[in-house]
Amino acid sequence: MPVPLWRNRDFLLLWTGQVASTLGTRISGLAYPLLVLAVTGSPAWAGLVASAQAAPFLIWFLPAGALVDRWPRKRIMLAADAGRAVALASVAVAVVLGRITIGHLMVVAFVEGTLFVFFLLAETAALPHVVPKSQLPAAIAQNQARDQGADLAGQPLGGLLFGLGHAMPFAADAVSYVVGLALIVPIRRSLGEEQVAQRRHLLAEISEGVRWLWRQDLLRALVAIASAGNLAFSALGLTIIVRATDLGASSAAVGVLLGLFGVGAIAGALVAPPAQRLVAPKVIMLGALWWWVALLVALALAPTVFVLGAVYTVGALMGPIFNTTNAAYRYVLTPDRLQGRVNGVSRMIGWGARPVGALLGGISLGTLGAVWTFAALATWLAIVAAASTASRQIRRIPRLETLSSAS
């Protein structure tokens with residue numbers, strides 16, 4: 070009988086460390102555009118810095134996945150946290166000295182995004198070595214709650230610290246990475262350090278991960294659904310902001326409304342483990358897709374900001390349940406030696422849809438307005454839900470317990 074997660078020392082060390090560093094990341098995430106606007110007054114420069122931070126998602130996920138399967142995962146996480154601490158501290162120092170430049174910010178944003186990719190894939194691949202397979206869904210759900218809690222608290226805290234001093238959010242983020250590093254060091258268990266000794270060309274190893282994922286019908290379908298969903302959800306935040314503004318919301322009210330998403334998502338993360346035990350997986354996957362179609366229709370019809378916020382909060386419940394289920398199948402079905410590569414391919418496909426969706430969403434908002442953009446997003450997700458309902462892989466998806474016992 071495995072010990073409960075709250076008594077699993079190594080999991081608690083890893084989880085607690087990432088609570089600190091994820092909160093720090095959210096704090097500086099708000100501070101980047103605020104600092105650029107304070108220095109230049111230009112939203113275009115702020116967008117350029119944001120692009121520098123997002124560019125590593127497209128550049129590094131594939132090679133980083135192969136390297137995570139090749140290098141010791143604990144050392145990757147330690148190096149990533151150390152590198153991010155130094156990078157963010159350099160911004161804080163430059164701000165205090167009055168020497169900050171856009172070029173400096175772009176380099177730091179790119180470095181931070183790059184090290185985030187390596188850390189994320191290493192942590193993802195290490196998790197099955199910290200908790201037993203039977204507890205993976207609960208551990209994934211706790212990680213979801215961690216991220217949503219950081220979203221909920223990080224942005225208001227980032228704004229508060231920036232108001233106290235422009236260097237403070239970046240200093241806080243640097244400290245958060247040091248805390249994360251300090252809590253990873255005492256982890257005792259092997260995190261998959263003894264990778265296969267035989268090494269081939271990096272492209273050959275990446276290709277192996279791509280080919281393996283392509284041959285897995287169920288995982289291929291789940292990745293496709295996640296990518297198609299991200300195409301819509303990457304445009305949702307801006308559409309909410311525009312619609313709330315159209316309904317007369319102040320900037321403060323918009324901030325509160327966006328924060329409500331975190332409340333709903335945390336509740337969803339808490340519900341995810343029992344939902345996985347009690348509800349058939351095909352019901353979760355297909356139910357989530359149709360739930361989101363109904364959500365977008367309700368958002369389009371919301372007559373007031375209050376109703377808009379209530380619908381948005383309730384709609385957020387399903388995301389962590391869907392994400393936890395999706396990730397659990399990837400963990401159970403993927404061999405440890407391929408965890409980094411398969412997760413790298415999956416995330417590149419899934420996250421690669423985000424900039425495309427954001428661009429299309431912006432064009433739609435400029436031409437159609439918020440209500441019809443909601444309608445367009447609902448139509449797209451209805452197509453995805455209908456295709457998924459017709460998919461034999463999704464309709465016949467086995468329970469996780471069956472796969473765990475078979476492996």
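Mapping the sequence shown onto this note's numbering, position 64 (from 1) lands on 133, and the numbers just tick up by one.
Using N, Cα and C, we set each Cβ at its ideal position, and we do this for glycine too.
Everything numeric in this text was worked out from a predicted model, so none of it was measured.
Proximity below 8 Å, CB of residue i to CB of residue j
i	j	result
G223	G413	no
A349	W449	no
G419	S303	no
E274	R410	yes
A293	L365	no
F185	L103	no
I432	T394	no
L347	A454	no
G228	Q87	no
T91	A219	yes
L147	V177	no
G172	A123	no
A341	Q217	no
L282	S415	yes
Q204	P404	no
L131	G421	no
S245	G98	no
A385	G426	no
Spatially closest choice to residue i from the options, by CA coordinates
i	options	result
D242	A161, W360, V348, L446	A161
I390	I171, T403, L81, L358	L358
A89	A427, V155, V247, L205	V247
D138	R346, A210, R406	R406
L166	A459, G388, H235, F375	H235
R423	L305, P141, L368	L305
A439	L272, N392, L157, L368	L368
V108	A163, S415, L386, M417	A163
F80	S259, G93, L131	S259
M387	Q408, A363, L402	A363
F187	V118, A115, P141	P141
R144	G384, A251, Q462	A251
Environment of residue i [buried if 16+ CB atoms lie within 10 Å]
i	result
Q370	Checking the displayed sequence, the identity of residue 370 turns out to be Leu instead of Gln. Result: exposed.
E470	exposed
T479	For residue 479 there is no data in the structure shown, the boundaries of the chain being 70 and 476.
P125	buried
R257	exposed
W441	exposed
V254	exposed
R399	buried
A397	buried
V238	Correcting the residue identity first, residue 238 is Pro in this sequence and not Val. Buried.
V380	buried
A135	buried
L272	exposed
message: Any contact between the segment 306-316 and the segment 288-296? By contact I mean 3 or more CB pairs, one from each, below 8 Å.
response: no
- prompt: When the Cβ atoms of the segment 183-203 are set against those of the segment 318-338, are three or more pairs found closer than 8 Å?
  reply: no
- request: Please confirm if the segment 208-223 is in contact with the segment 138-157, defined as three or more CB-CB distances below 8 Å between the two stretches.
  value: no
The segment 372-386 contacting the segment 199-208, beta-carbon criterion three pairs below 8 Å: no
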